[in-house]
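Worksheet for the structure shown next.
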Amino acid sequence: MYDCLIHHQILSKEHISGPVVSLKLQGFYEKEVGSDLPHYCFFIMLGSHKIGSITLRLGLNDMTMVHGHVGYTIDEGYRGHGYSYYALEMIIDLAKEHGYDHLLLTCDPQNLSSIKSVLKAGGKLIKEHIEVPKDHIYYVFGLTHLNLYEIKLK
């Protein structure tokens, strides 16, 4: 249900254009440190300016409940304009190409902007207050709990 069908890079995804932002492929990585899932990492571009990044992880494992299938960040000077929502919509299209039926996303319960983007993209809260493992980098940086959201793609 939460796994995809295609676990390798789809060709010709170096650049994905959208109505507001575009995605420029930073790289496709066969393994991710700490999760062992192949993943895309894109720069989020506003015109010719890099304003953030977004990742799509391919597959499902124990760390999906911490990392989610998608992770993103917007540079501080560009926050508050909905750019993460537009990037998320483009990643949802790529996830569909990989055969996902559902995506899981995790958010810091205090990050209202990220939660707003996930909800706007059709996300539904499915689990609150998931404990981050004490040996995880998120925990080291002070993030001890996450909320889990699901976006149905079909």
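Under my numbering, think of the first position of the sequence shown as 718, with each following residue one higher. Heads up, the beta-carbon is just placed ideally off N, CA and C, and yes, glycines get one too. These figures come from a predicted structure and were not determined experimentally.
- In terms of Cβ geometry, K767 and F760 form a close pair [threshold 7 Å].
- Counting along the chain, E806 sits inside the alpha helix (DSSP H) bounded by residues Y800 to E814.
- Looking at the DSSP output, Y817 sits in no beta bridge, so it has no partner there.
- DSSP places S729 outside both helix and strand once states are collapsed to three, so it counts as coil.
- In the three-state reduction of the DSSP assignment, V738 falls in the coil class, being assigned neither a helical nor a strand state.
- Bounds of any beta strand (DSSP E) do not take in M780, whose DSSP letter is neither H nor E.
- Taken atom to atom, the span from the alpha-carbon of S830 to that of D810 is near 21 Å.
- Taking a 10 Å sphere around the C-beta of E848, we find fewer than 16 other C-beta atoms and assign the residue as exposed.
- Ranking Y856, Y800 and K841 by CA distance to the CA of P736 puts Y800 first.
- Straight across, the Cα-Cα distance linking L742 with K851 is about 32 Å.
- Per DSSP, the continuous beta strand (DSSP E) segment holding V787 begins and ends at V787 to I791.
- Close CB contacts of H724 within its chain, under the 7 Å cut and outside five residues either way in sequence, are with P755, L775 and G776 (chain order).
- For L773, same chain residues with a beta-carbon under 7 Å away, outside a window of 5 residues either side, are H756, Y757, H786, V787, I808, L811 and A812 in chain order.
- Nearest C-alpha to Y789 among Y795, G769, L870 and D779: G769.
- DSSP, read as helix, strand or coil, puts G769 in strand.
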